[in-house]
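Below is one structure; the comments refer to it alone.
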Amino acid sequence: MEYKKKEIIEMVEKCTNNHWIEVIYIFVKRLLK
1 MEYKKKEIIE MVEKCTNNHW IEVIYIFVKR LLK
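In UniProt numbering, the protein residues as written are 1 to 33.
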């Protein structure tokens with residue numbers, strides 16, 4: 001159970017990281033327009 005929990009937390013962290021990279025990318029793109 002603990003192992004699965006850790007795996008899920010890592011997956012969520014990766015997802016949020018990717019999401020923030022996307023948000024920052026879009027933000028920068030708008031600034032450069």
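C-beta: ideal position from N, C-alpha, C; glycine also.
State the DSSP-derived secondary structure class of residue i, mapped to helix, strand or coil.
i	result
K4	helix
K33	coil
From the beta carbon of residue i, is the nearest beta carbon of chain B less than 8 Å away?
i	result
E13	Any reference to chain B falls outside this structure, which holds one protein chain only.
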